[in-house]
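Engineer: Numbering (this note's numbering), first residue to last: 39 to 549. Okay, handing you the structure first.
Structure below.
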(Lines of atoms letter the chains of each structure in order from A and count residues from 1; the text may use other names and numbers.)
(Lines give C-alpha, C1' and ligand atoms only; values in the text may rest on other atoms or scores of the structure.)
Protein backbone atom coordinates (compact mmCIF):
# COMPACT_ATOMS: atom_id res chain seq x y z
CA UNK A 1 0.00 0.00 0.00
CA UNK A 2 1.24 3.48 -0.86
CA UNK A 3 1.14 6.16 1.88
CA UNK A 4 -1.48 8.93 1.68
CA UNK A 5 0.26 11.43 -0.59
CA UNK A 6 -0.18 13.67 -3.64
CA UNK A 7 1.95 14.56 -6.63
CA UNK A 8 2.21 16.31 -9.98
CA UNK A 9 2.18 14.98 -13.55
CA UNK A 10 4.72 16.87 -15.67
CA UNK A 11 6.82 15.42 -18.47
CA UNK A 12 10.49 16.43 -18.64
CA UNK A 13 10.10 18.09 -22.05
CA UNK A 14 7.47 20.38 -20.49
CA UNK A 15 9.99 21.97 -18.12
CA UNK A 16 11.21 25.50 -18.85
CA UNK A 17 14.86 26.44 -19.13
CA UNK A 18 16.27 24.08 -21.77
CA UNK A 19 16.72 25.17 -25.40
CA UNK A 20 13.58 24.44 -27.48
CA UNK A 21 12.32 21.77 -25.03
CA UNK A 22 12.70 20.91 -21.36
CA UNK A 23 15.60 18.75 -20.21
CA UNK A 24 17.38 17.32 -17.17
CA UNK A 25 19.14 20.58 -16.33
CA UNK A 26 18.65 23.17 -13.59
CA UNK A 27 14.92 23.62 -14.21
CA UNK A 28 14.37 19.93 -13.34
CA UNK A 29 16.08 20.47 -9.98
CA UNK A 30 14.07 23.65 -9.45
CA UNK A 31 10.89 21.69 -10.06
CA UNK A 32 11.95 19.05 -7.52
CA UNK A 33 12.46 21.88 -5.01
CA UNK A 34 9.01 23.23 -5.86
CA UNK A 35 7.45 19.82 -5.21
CA UNK A 36 9.17 19.51 -1.84
CA UNK A 37 8.19 23.04 -0.81
CA UNK A 38 4.61 22.30 -1.90
CA UNK A 39 4.28 19.20 0.30
CA UNK A 40 4.14 16.86 -2.71
CA UNK A 41 5.57 13.32 -2.70
CA UNK A 42 5.41 12.25 -6.36
CA UNK A 43 6.66 13.47 -9.72
CA UNK A 44 5.04 11.51 -12.56
CA UNK A 45 6.44 11.68 -16.09
CA UNK A 46 5.50 10.17 -19.44
CA UNK A 47 7.79 7.48 -20.94
CA UNK A 48 11.42 8.62 -21.18
CA UNK A 49 12.14 6.53 -24.30
CA UNK A 50 13.16 8.20 -27.60
CA UNK A 51 10.10 9.88 -29.10
CA UNK A 52 8.68 8.38 -32.28
CA UNK A 53 5.98 9.27 -34.79
CA UNK A 54 4.42 12.73 -34.24
CA UNK A 55 6.80 13.28 -31.29
CA UNK A 56 4.91 10.76 -29.16
CA UNK A 57 6.78 9.16 -26.22
CA UNK A 58 4.34 6.23 -26.61
CA UNK A 59 5.69 5.30 -30.07
CA UNK A 60 9.40 4.80 -29.51
CA UNK A 61 12.25 3.11 -31.35
CA UNK A 62 13.26 1.44 -28.07
CA UNK A 63 11.58 0.32 -24.85
CA UNK A 64 14.91 0.48 -23.02
CA UNK A 65 16.79 3.57 -24.25
CA UNK A 66 16.44 7.10 -22.92
CA UNK A 67 15.50 10.14 -25.01
CA UNK A 68 18.67 12.07 -26.03
CA UNK A 69 16.56 15.27 -26.24
CA UNK A 70 16.52 15.26 -22.44
CA UNK A 71 20.30 15.66 -22.16
CA UNK A 72 21.07 19.09 -20.73
CA UNK A 73 23.76 21.19 -22.49
CA UNK A 74 24.09 23.14 -19.24
CA UNK A 75 25.13 19.99 -17.39
CA UNK A 76 27.55 19.02 -20.17
CA UNK A 77 29.33 22.31 -19.49
CA UNK A 78 29.35 21.63 -15.74
CA UNK A 79 30.84 18.19 -16.43
CA UNK A 80 33.65 19.84 -18.40
CA UNK A 81 32.61 18.24 -21.68
CA UNK A 82 31.65 21.54 -23.34
CA UNK A 83 33.11 25.01 -23.02
CA UNK A 84 31.03 27.83 -21.53
CA UNK A 85 30.97 29.47 -24.95
CA UNK A 86 28.58 26.71 -26.09
CA UNK A 87 25.85 28.05 -23.80
CA UNK A 88 26.23 31.59 -25.14
CA UNK A 89 25.39 30.34 -28.61
CA UNK A 90 22.13 28.68 -27.48
CA UNK A 91 18.97 30.74 -28.16
CA UNK A 92 16.69 31.60 -25.24
CA UNK A 93 13.33 29.86 -25.62
CA UNK A 94 11.87 29.90 -22.09
CA UNK A 95 9.28 32.55 -22.94
CA UNK A 96 7.31 30.17 -25.17
CA UNK A 97 4.91 27.49 -23.95
CA UNK A 98 5.46 25.20 -26.96
CA UNK A 99 8.42 22.87 -27.46
CA UNK A 100 10.10 22.67 -30.86
CA UNK A 101 11.33 19.08 -30.99
CA UNK A 102 12.94 19.32 -34.43
CA UNK A 103 15.04 22.35 -33.40
CA UNK A 104 15.83 20.74 -30.06
CA UNK A 105 17.00 17.53 -31.73
CA UNK A 106 19.31 19.36 -34.17
CA UNK A 107 20.89 21.51 -31.47
CA UNK A 108 21.36 18.77 -28.89
CA UNK A 109 22.74 16.27 -31.40
CA UNK A 110 25.45 18.80 -32.30
CA UNK A 111 26.28 19.63 -28.67
CA UNK A 112 26.36 16.00 -27.52
CA UNK A 113 28.56 15.16 -30.52
CA UNK A 114 30.91 17.97 -29.48
CA UNK A 115 30.98 16.51 -25.96
CA UNK A 116 31.74 13.06 -27.39
CA UNK A 117 34.64 14.48 -29.42
CA UNK A 118 35.87 16.10 -26.22
CA UNK A 119 36.26 12.80 -24.39
CA UNK A 120 37.86 11.21 -27.47
CA UNK A 121 40.39 14.06 -27.59
CA UNK A 122 41.04 14.53 -23.87
CA UNK A 123 40.71 10.86 -22.80
CA UNK A 124 39.69 11.64 -19.19
CA UNK A 125 40.37 8.38 -17.33
CA UNK A 126 37.50 8.50 -14.83
CA UNK A 127 34.97 9.40 -17.53
CA UNK A 128 36.19 6.63 -19.84
CA UNK A 129 36.03 4.10 -17.00
CA UNK A 130 32.46 5.17 -16.22
CA UNK A 131 31.53 4.95 -19.91
CA UNK A 132 33.00 1.44 -20.21
CA UNK A 133 31.23 0.36 -17.02
CA UNK A 134 27.90 1.67 -18.35
CA UNK A 135 28.31 -0.20 -21.64
CA UNK A 136 29.07 -3.43 -19.80
CA UNK A 137 26.16 -3.00 -17.36
CA UNK A 138 23.55 -2.24 -20.03
CA UNK A 139 24.97 -4.50 -22.74
CA UNK A 140 21.88 -6.73 -23.07
CA UNK A 141 19.82 -3.90 -24.64
CA UNK A 142 22.42 -1.24 -25.47
CA UNK A 143 24.30 -3.20 -28.16
CA UNK A 144 21.16 -3.87 -30.20
CA UNK A 145 19.84 -0.33 -29.71
CA UNK A 146 23.05 1.34 -30.90
CA UNK A 147 23.37 -0.99 -33.88
CA UNK A 148 19.72 -0.41 -34.81
CA UNK A 149 20.18 3.37 -34.61
CA UNK A 150 23.36 3.28 -36.69
CA UNK A 151 21.75 1.03 -39.31
CA UNK A 152 18.66 3.27 -39.44
CA UNK A 153 20.88 6.25 -40.25
CA UNK A 154 22.98 4.24 -42.71
CA UNK A 155 19.94 2.96 -44.63
CA UNK A 156 17.99 6.21 -44.08
CA UNK A 157 14.94 4.44 -42.63
CA UNK A 158 13.83 2.85 -39.37
CA UNK A 159 11.68 0.40 -41.33
CA UNK A 160 14.03 -2.55 -40.98
CA UNK A 161 12.00 -4.66 -43.42
CA UNK A 162 13.42 -2.37 -46.16
CA UNK A 163 17.01 -3.09 -45.18
CA UNK A 164 19.03 -5.82 -46.96
CA UNK A 165 17.48 -9.15 -46.07
CA UNK A 166 20.52 -10.55 -44.27
CA UNK A 167 20.63 -7.49 -42.00
CA UNK A 168 16.86 -7.40 -41.50
CA UNK A 169 16.91 -11.07 -40.50
CA UNK A 170 19.99 -10.54 -38.30
CA UNK A 171 22.41 -12.94 -40.00
CA UNK A 172 25.40 -13.19 -37.65
CA UNK A 173 28.05 -12.44 -40.28
CA UNK A 174 26.14 -9.38 -41.51
CA UNK A 175 25.74 -8.00 -37.99
CA UNK A 176 29.45 -8.49 -37.26
CA UNK A 177 30.30 -6.63 -40.46
CA UNK A 178 27.88 -3.80 -39.62
CA UNK A 179 29.29 -3.43 -36.11
CA UNK A 180 32.77 -3.09 -37.57
CA UNK A 181 31.80 -0.71 -40.39
CA UNK A 182 29.61 1.48 -38.16
CA UNK A 183 31.77 1.34 -35.02
CA UNK A 184 32.03 5.13 -34.62
CA UNK A 185 28.29 5.99 -34.88
CA UNK A 186 27.51 2.98 -32.66
CA UNK A 187 29.87 4.27 -29.98
CA UNK A 188 28.41 7.78 -30.25
CA UNK A 189 24.88 6.43 -29.68
CA UNK A 190 26.19 4.56 -26.64
CA UNK A 191 27.67 7.83 -25.36
CA UNK A 192 24.29 9.54 -25.78
CA UNK A 193 22.73 6.86 -23.60
CA UNK A 194 25.58 7.14 -21.09
CA UNK A 195 24.99 10.89 -20.73
CA UNK A 196 21.23 10.45 -20.44
CA UNK A 197 21.79 7.81 -17.76
CA UNK A 198 24.23 10.00 -15.78
CA UNK A 199 21.97 13.04 -15.86
CA UNK A 200 18.80 11.08 -15.05
CA UNK A 201 20.36 9.23 -12.11
CA UNK A 202 21.76 12.47 -10.70
CA UNK A 203 18.29 14.04 -10.82
CA UNK A 204 16.68 10.98 -9.28
CA UNK A 205 19.23 10.99 -6.43
CA UNK A 206 18.44 14.65 -5.79
CA UNK A 207 14.70 13.96 -5.80
CA UNK A 208 15.17 11.17 -3.27
CA UNK A 209 17.04 13.54 -0.96
CA UNK A 210 14.10 15.93 -1.31
CA UNK A 211 11.65 13.15 -0.46
CA UNK A 212 10.24 13.03 -4.00
CA UNK A 213 9.46 9.65 -5.63
CA UNK A 214 9.45 9.26 -9.41
CA UNK A 215 6.59 7.54 -11.27
CA UNK A 216 7.33 6.25 -14.77
CA UNK A 217 5.20 4.81 -17.57
CA UNK A 218 5.42 1.69 -19.77
CA UNK A 219 3.35 1.61 -22.99
CA UNK A 220 1.60 -1.71 -23.60
CA UNK A 221 2.62 -2.08 -27.24
CA UNK A 222 5.74 -1.16 -29.20
CA UNK A 223 6.26 0.28 -32.68
CA UNK A 224 7.01 -2.10 -35.55
CA UNK A 225 9.92 0.09 -36.73
CA UNK A 226 11.64 -0.30 -33.37
CA UNK A 227 14.75 -1.98 -32.08
CA UNK A 228 12.52 -4.15 -29.88
CA UNK A 229 10.82 -5.85 -32.83
CA UNK A 230 13.92 -6.06 -35.04
CA UNK A 231 16.04 -7.58 -32.27
CA UNK A 232 13.32 -9.95 -30.98
CA UNK A 233 11.33 -10.93 -34.08
CA UNK A 234 10.22 -14.28 -32.68
CA UNK A 235 8.57 -12.47 -29.77
CA UNK A 236 6.01 -10.87 -32.13
CA UNK A 237 3.40 -12.24 -34.55
CA UNK A 238 5.21 -11.50 -37.83
CA UNK A 239 5.12 -13.08 -41.27
CA UNK A 240 8.12 -14.33 -43.25
CA UNK A 241 8.85 -10.79 -44.48
CA UNK A 242 8.93 -9.45 -40.94
CA UNK A 243 5.61 -7.61 -41.31
CA UNK A 244 2.83 -7.95 -38.70
CA UNK A 245 0.33 -10.76 -39.25
CA UNK A 246 -2.03 -8.99 -36.87
CA UNK A 247 -2.10 -5.53 -35.30
CA UNK A 248 -3.37 -4.05 -32.06
CA UNK A 249 -6.44 -1.88 -31.59
CA UNK A 250 -9.77 -1.56 -29.82
CA UNK A 251 -13.25 -2.84 -30.73
CA UNK A 252 -16.11 -0.64 -32.00
CA UNK A 253 -18.01 1.25 -29.30
CA UNK A 254 -20.58 4.01 -28.93
CA UNK A 255 -17.98 6.62 -29.93
CA UNK A 256 -16.37 4.84 -32.88
CA UNK A 257 -18.31 2.45 -35.10
CA UNK A 258 -15.12 1.21 -36.79
CA UNK A 259 -13.18 0.70 -33.59
CA UNK A 260 -9.55 1.79 -33.36
CA UNK A 261 -6.75 0.31 -35.48
CA UNK A 262 -3.50 1.27 -33.74
CA UNK A 263 -1.26 -0.78 -36.02
CA UNK A 264 1.26 -2.03 -33.43
CA UNK A 265 2.49 -5.61 -33.87
CA UNK A 266 1.11 -8.10 -31.36
CA UNK A 267 3.08 -10.19 -28.91
CA UNK A 268 3.53 -13.92 -29.41
CA UNK A 269 2.54 -14.68 -25.82
CA UNK A 270 3.32 -18.44 -25.99
CA UNK A 271 6.85 -17.56 -27.12
CA UNK A 272 7.25 -15.12 -24.23
CA UNK A 273 6.10 -17.77 -21.78
CA UNK A 274 8.51 -20.36 -23.20
CA UNK A 275 11.36 -17.87 -22.74
CA UNK A 276 10.40 -17.27 -19.11
CA UNK A 277 9.17 -13.81 -20.16
CA UNK A 278 12.81 -12.75 -20.50
CA UNK A 279 12.12 -9.68 -22.67
CA UNK A 280 9.17 -8.50 -20.57
CA UNK A 281 10.96 -8.93 -17.24
CA UNK A 282 14.03 -7.07 -18.54
CA UNK A 283 11.81 -4.30 -19.88
CA UNK A 284 9.99 -3.81 -16.58
CA UNK A 285 13.20 -4.19 -14.57
CA UNK A 286 14.83 -1.47 -16.67
CA UNK A 287 12.05 1.00 -15.83
CA UNK A 288 12.07 0.03 -12.15
CA UNK A 289 15.78 0.76 -12.20
CA UNK A 290 14.99 4.30 -13.39
CA UNK A 291 11.81 4.96 -11.35
CA UNK A 292 10.40 4.20 -7.91
CA UNK A 293 6.98 3.17 -9.27
CA UNK A 294 5.89 2.45 -12.85
CA UNK A 295 2.44 2.81 -14.45
CA UNK A 296 1.45 0.00 -16.84
CA UNK A 297 -0.43 1.65 -19.69
CA UNK A 298 -3.45 -0.23 -21.16
CA UNK A 299 -3.39 -2.83 -18.37
CA UNK A 300 -6.29 -4.63 -20.04
CA UNK A 301 -3.73 -5.88 -22.58
CA UNK A 302 -2.21 -8.18 -19.97
CA UNK A 303 -5.56 -9.97 -19.70
CA UNK A 304 -6.80 -9.88 -23.30
CA UNK A 305 -6.15 -7.94 -26.49
CA UNK A 306 -8.11 -7.00 -29.62
CA UNK A 307 -6.49 -8.82 -32.55
CA UNK A 308 -7.01 -7.30 -36.02
CA UNK A 309 -5.81 -8.78 -39.28
CA UNK A 310 -3.05 -6.59 -40.71
CA UNK A 311 -5.00 -6.60 -44.01
CA UNK A 312 -8.12 -5.10 -42.41
CA UNK A 313 -8.64 -1.37 -42.86
CA UNK A 314 -10.72 -1.00 -39.66
CA UNK A 315 -10.92 -2.76 -36.30
CA UNK A 316 -14.47 -4.07 -36.81
CA UNK A 317 -13.43 -7.59 -37.79
CA UNK A 318 -11.07 -8.07 -34.84
CA UNK A 319 -11.55 -10.47 -31.97
CA UNK A 320 -10.56 -10.71 -28.32
CA UNK A 321 -7.63 -13.02 -27.61
CA UNK A 322 -6.21 -14.08 -24.23
CA UNK A 323 -2.85 -12.74 -23.04
CA UNK A 324 -0.51 -14.34 -20.49
CA UNK A 325 -0.48 -11.59 -17.88
CA UNK A 326 -0.96 -13.90 -14.92
CA UNK A 327 2.05 -16.01 -15.87
CA UNK A 328 4.12 -12.85 -16.50
CA UNK A 329 3.26 -11.32 -13.13
CA UNK A 330 3.96 -14.62 -11.39
CA UNK A 331 7.46 -14.45 -12.90
CA UNK A 332 7.85 -10.83 -11.77
CA UNK A 333 6.74 -11.67 -8.22
CA UNK A 334 9.36 -14.42 -8.08
CA UNK A 335 11.97 -11.82 -9.05
CA UNK A 336 10.82 -8.79 -7.06
CA UNK A 337 8.31 -9.84 -4.43
CA UNK A 338 5.94 -6.88 -4.07
CA UNK A 339 5.48 -5.14 -7.42
CA UNK A 340 5.76 -1.31 -7.40
CA UNK A 341 3.40 -0.99 -10.37
CA UNK A 342 0.20 0.96 -11.12
CA UNK A 343 -2.44 -0.64 -13.34
CA UNK A 344 -4.01 1.76 -15.87
CA UNK A 345 -7.33 -0.09 -15.76
CA UNK A 346 -9.44 2.42 -17.70
CA UNK A 347 -11.69 1.75 -20.70
CA UNK A 348 -13.57 -1.46 -21.56
CA UNK A 349 -12.44 -3.30 -18.44
CA UNK A 350 -13.96 -6.61 -17.36
CA UNK A 351 -14.01 -8.39 -14.01
CA UNK A 352 -11.19 -10.56 -15.33
CA UNK A 353 -8.95 -7.48 -15.59
CA UNK A 354 -9.81 -6.34 -12.06
CA UNK A 355 -9.14 -9.85 -10.76
CA UNK A 356 -5.70 -9.80 -12.40
CA UNK A 357 -4.96 -6.39 -10.88
CA UNK A 358 -6.11 -7.44 -7.41
CA UNK A 359 -4.31 -10.78 -7.47
CA UNK A 360 -1.00 -8.90 -7.42
CA UNK A 361 -2.11 -6.06 -5.16
CA UNK A 362 -1.71 -3.38 -7.83
CA UNK A 363 -3.49 -0.05 -7.36
CA UNK A 364 -5.85 0.86 -10.18
CA UNK A 365 -6.65 4.29 -11.56
CA UNK A 366 -9.58 6.68 -11.30
CA UNK A 367 -10.13 9.91 -13.26
CA UNK A 368 -12.41 12.59 -11.82
CA UNK A 369 -13.38 13.92 -15.26
CA UNK A 370 -14.96 10.53 -16.04
CA UNK A 371 -17.24 10.62 -12.99
CA UNK A 372 -20.25 12.63 -14.09
CA UNK A 373 -21.58 11.01 -17.27
CA UNK A 374 -24.63 8.79 -17.67
CA UNK A 375 -22.73 5.60 -18.45
CA UNK A 376 -22.69 2.67 -16.05
CA UNK A 377 -18.95 3.08 -15.44
CA UNK A 378 -19.05 6.78 -14.56
CA UNK A 379 -20.05 6.42 -10.92
CA UNK A 380 -16.84 4.61 -9.91
CA UNK A 381 -14.86 7.72 -10.86
CA UNK A 382 -16.62 9.95 -8.30
CA UNK A 383 -14.05 10.64 -5.58
CA UNK A 384 -16.19 9.92 -2.49
CA UNK A 385 -16.36 6.25 -3.52
CA UNK A 386 -12.70 5.62 -4.41
CA UNK A 387 -11.07 2.53 -2.90
CA UNK A 388 -8.17 3.44 -0.67
CA UNK A 389 -5.68 1.48 -2.80
CA UNK A 390 -6.09 3.76 -5.83
CA UNK A 391 -4.13 6.34 -7.81
CA UNK A 392 -6.59 9.10 -8.74
CA UNK A 393 -6.22 11.92 -11.26
CA UNK A 394 -8.18 15.04 -12.13
CA UNK A 395 -7.24 14.09 -15.71
CA UNK A 396 -4.43 12.27 -17.51
CA UNK A 397 -2.10 13.31 -20.34
CA UNK A 398 -4.78 12.09 -22.80
CA UNK A 399 -7.53 14.28 -21.31
CA UNK A 400 -8.24 17.95 -21.78
CA UNK A 401 -7.18 20.18 -18.92
CA UNK A 402 -9.93 20.28 -16.30
CA UNK A 403 -10.75 23.88 -17.19
CA UNK A 404 -10.82 22.96 -20.89
CA UNK A 405 -12.99 19.90 -20.15
CA UNK A 406 -15.48 22.01 -18.19
CA UNK A 407 -15.58 24.69 -20.88
CA UNK A 408 -16.30 22.06 -23.58
CA UNK A 409 -18.98 20.43 -21.40
CA UNK A 410 -20.66 23.80 -20.87
CA UNK A 411 -20.61 24.44 -24.61
CA UNK A 412 -22.26 21.06 -25.30
CA UNK A 413 -24.91 21.75 -22.66
CA UNK A 414 -25.77 25.07 -24.31
CA UNK A 415 -26.28 23.24 -27.61
CA UNK A 416 -29.21 21.33 -26.04
CA UNK A 417 -27.28 18.10 -25.55
CA UNK A 418 -29.44 16.53 -22.80
CA UNK A 419 -26.72 14.22 -21.56
CA UNK A 420 -24.31 17.13 -21.31
CA UNK A 421 -26.86 19.16 -19.33
CA UNK A 422 -27.26 16.32 -16.83
CA UNK A 423 -23.49 15.90 -16.57
CA UNK A 424 -23.00 19.63 -16.05
CA UNK A 425 -25.54 19.70 -13.20
CA UNK A 426 -23.69 16.84 -11.51
CA UNK A 427 -20.38 18.67 -11.87
CA UNK A 428 -21.84 21.81 -10.28
CA UNK A 429 -23.39 19.87 -7.42
CA UNK A 430 -20.30 17.76 -6.77
CA UNK A 431 -17.62 20.44 -7.05
CA UNK A 432 -19.72 23.16 -5.45
CA UNK A 433 -19.15 25.78 -8.14
CA UNK A 434 -20.45 26.78 -11.56
CA UNK A 435 -17.61 29.21 -12.25
CA UNK A 436 -15.17 28.20 -14.98
CA UNK A 437 -12.28 29.92 -13.19
CA UNK A 438 -12.89 27.82 -10.04
CA UNK A 439 -13.57 24.33 -11.41
CA UNK A 440 -9.97 23.05 -11.74
CA UNK A 441 -9.02 24.06 -8.21
CA UNK A 442 -12.31 22.66 -6.88
CA UNK A 443 -11.50 19.37 -8.61
CA UNK A 444 -8.05 19.31 -6.98
CA UNK A 445 -9.57 19.98 -3.54
CA UNK A 446 -12.21 17.28 -4.06
CA UNK A 447 -9.63 14.74 -5.20
CA UNK A 448 -7.35 15.57 -2.27
CA UNK A 449 -10.18 14.91 0.20
CA UNK A 450 -10.97 11.52 -1.36
CA UNK A 451 -10.07 8.17 0.28
CA UNK A 452 -7.50 7.39 -2.46
CA UNK A 453 -4.00 6.88 -1.10
CA UNK A 454 -2.41 8.66 -4.05
CA UNK A 455 -3.73 11.62 -6.03
CA UNK A 456 -1.95 13.15 -9.02
CA UNK A 457 -2.66 16.52 -10.62
CA UNK A 458 -1.46 17.49 -14.11
CA UNK A 459 0.44 20.74 -13.64
CA UNK A 460 -1.89 22.44 -16.12
CA UNK A 461 -4.73 21.91 -13.63
CA UNK A 462 -2.67 23.28 -10.75
CA UNK A 463 -2.12 26.40 -12.87
CA UNK A 464 -5.82 26.50 -13.93
CA UNK A 465 -4.94 26.48 -17.64
CA UNK A 466 -7.47 26.02 -20.44
CA UNK A 467 -7.62 23.52 -23.28
CA UNK A 468 -4.92 25.22 -25.37
CA UNK A 469 -2.47 23.72 -22.87
CA UNK A 470 -3.52 20.06 -23.01
CA UNK A 471 -0.70 17.57 -23.61
CA UNK A 472 -2.35 15.17 -26.06
CA UNK A 473 -5.62 14.80 -27.96
CA UNK A 474 -5.90 11.09 -28.91
CA UNK A 475 -6.79 10.47 -32.53
CA UNK A 476 -5.03 13.62 -33.74
CA UNK A 477 -1.48 13.96 -35.02
CA UNK A 478 -0.69 17.68 -34.92
CA UNK A 479 0.37 19.86 -32.02
CA UNK A 480 0.48 17.14 -29.37
CA UNK A 481 3.13 16.57 -26.66
CA UNK A 482 4.56 20.08 -27.08
CA UNK A 483 3.06 21.96 -24.10
CA UNK A 484 5.70 23.62 -21.97
CA UNK A 485 5.82 25.51 -18.70
CA UNK A 486 7.07 29.09 -18.92
CA UNK A 487 9.63 30.59 -16.57
CA UNK A 488 7.98 32.26 -13.59
CA UNK A 489 4.65 30.40 -13.72
CA UNK A 490 5.41 28.49 -10.52
CA UNK A 491 5.49 31.11 -7.80
CA UNK A 492 5.24 31.05 -4.01
CA UNK A 493 1.44 31.44 -4.11
CA UNK A 494 1.04 28.20 -6.10
CA UNK A 495 3.39 26.37 -3.75
CA UNK A 496 1.64 27.65 -0.62
CA UNK A 497 -1.80 26.71 -1.95
CA UNK A 498 -0.66 23.15 -2.71
CA UNK A 499 1.08 22.75 0.64
CA UNK A 500 -1.90 24.07 2.61
CA UNK A 501 -4.18 21.64 0.79
CA UNK A 502 -1.80 18.71 1.34
CA UNK A 503 -1.65 19.50 5.06
CA UNK A 504 -5.42 19.93 5.36
CA UNK A 505 -6.09 16.55 3.71
CA UNK A 506 -3.31 14.64 5.52
CA UNK A 507 -1.20 14.26 2.39
CA UNK A 508 1.75 16.50 3.23
CA UNK A 509 5.02 14.68 2.58
CA UNK A 510 7.32 17.30 4.13
CA UNK A 511 6.18 18.55 7.53
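The beta-carbon is built from N, C-alpha and C at its ideal position, and this holds for glycine as well.
Please classify residue 287: does DSSP put it in a helix, a strand, or coil?
Structural biologist: Note: residue 287 maps to strand in three-state DSSP.
Engineer: What residue from 253, 359 and 372 has the CA that sits closest to residue 325's CA?
Structural biologist: The shortest Cα separation from residue 325 among 253, 359 and 372 belongs to 253.
Engineer: Cβ atoms of residue 77 and residue 541: under 9 Å apart, would you say?
Structural biologist: Yes, they are a contact pair.
Engineer: Does at least one heavy atom of the ligand MG sit under 8 Å from the Cβ of residue 296?
Structural biologist: Looking at this structure, you won't find the ligand MG or any other ligand, since it has none at all.
Engineer: Just to confirm, are residue 153 and residue 234 a CB contact at a threshold of 9 Å?
Structural biologist: Not a contact, by the Cβ cut-off of 9 Å.
Engineer: Only counting the same chain, and skipping five residues up and downstream in sequence, which positions put a Cβ closer than 6 Å to that of residue 509?
Structural biologist: Excluding positions up to five away in sequence, the list reads 435 and 521.
Engineer: Could you name the residues of the same chain whose beta carbon sits closer than 7 Å to that of residue 303, not counting the 5 residues immediately before and after it, in chain order?
Structural biologist: Closer than 7 Å at Cβ, skipping near neighbours: 262, 267, 274, 275, 276, 282 and 285.
Engineer: What are the partner residues of residue 163, as DSSP defines its beta bridges?
Structural biologist: Paired residues: none, contrary to the question.
Engineer: Do the region 196-216 and the region 303-312 meet, that is, are 3 or more Cβ pairs less than 8 Å apart?
Structural biologist: No contact exists between the region 196-216 and the region 303-312.
Engineer: Please list the terminal residues of the continuous alpha helix (DSSP H) segment that includes residue 407.
Structural biologist: It is not in any alpha helix (DSSP H) - residue 407 carries neither H nor E in the DSSP assignment.
Engineer: Based on the DSSP secondary-structure assignment, which residues constitute the bridge partners of residue 46?
Structural biologist: BP columns for residue 46 point to 81 and 495.
Engineer: Might you give, ordered along the chain, the residues of its own chain that have their beta carbon closer than 7 Å to the beta carbon of residue 142, omitting 5 neighbours on each side?
Structural biologist: So the qualifying residues of the chain are 57, 58, 59 and 107.
Engineer: Determine the extent of the beta strand (DSSP E) in which residue 251 is found, giving its start and end residues.
Structural biologist: Element bounds for residue 251: 251-256.
Engineer: Tell me which residues share the same chain as residue 490 and place their Cβ nearer than 8 Å to its Cβ, disregarding the 5 neighbours each side in the sequence.
Structural biologist: So the qualifying residues of the chain are 404, 421, 424, 425, 426, 428, 429 and 430.
Engineer: Do you know how far the Cα of residue 186 is from the Cα of residue 103?
Structural biologist: Taking the straight line joining both Cα atoms gives about 12 Å.
Engineer: Output the distance between the C-alpha atoms of residue 258 and residue 383, rounded to the nearest integer angstrom.
Structural biologist: The straight-line gap from Cα to Cα measures roughly 12 Å.
Engineer: Excluding five sequence neighbours on each side, which residues of the same chain lie with their C-beta closer than 6 Å to the C-beta of residue 203?
Structural biologist: Excluding positions up to five away in sequence, the list is empty.
Engineer: Should residue 161 and residue 226 be called a contact, given that it needs their Cβ atoms to be closer than 9 Å?
Structural biologist: Not a contact, by the Cβ cut-off of 9 Å.
Engineer: Report yes if the CB atom of residue 366 is closer than 9 Å to the CB atom of residue 310, and no otherwise.
Structural biologist: Contact: yes.
Engineer: Give me, in chain order, the residues of the same chain whose beta-carbon lies closer than 8 Å to that of residue 443; leave out the 5 immediate sequence neighbours on both sides.
Structural biologist: If we look at residue 443 and ignore the five residues flanking it on each side, its Cβ neighbours are 407, 433, 437 and 505.
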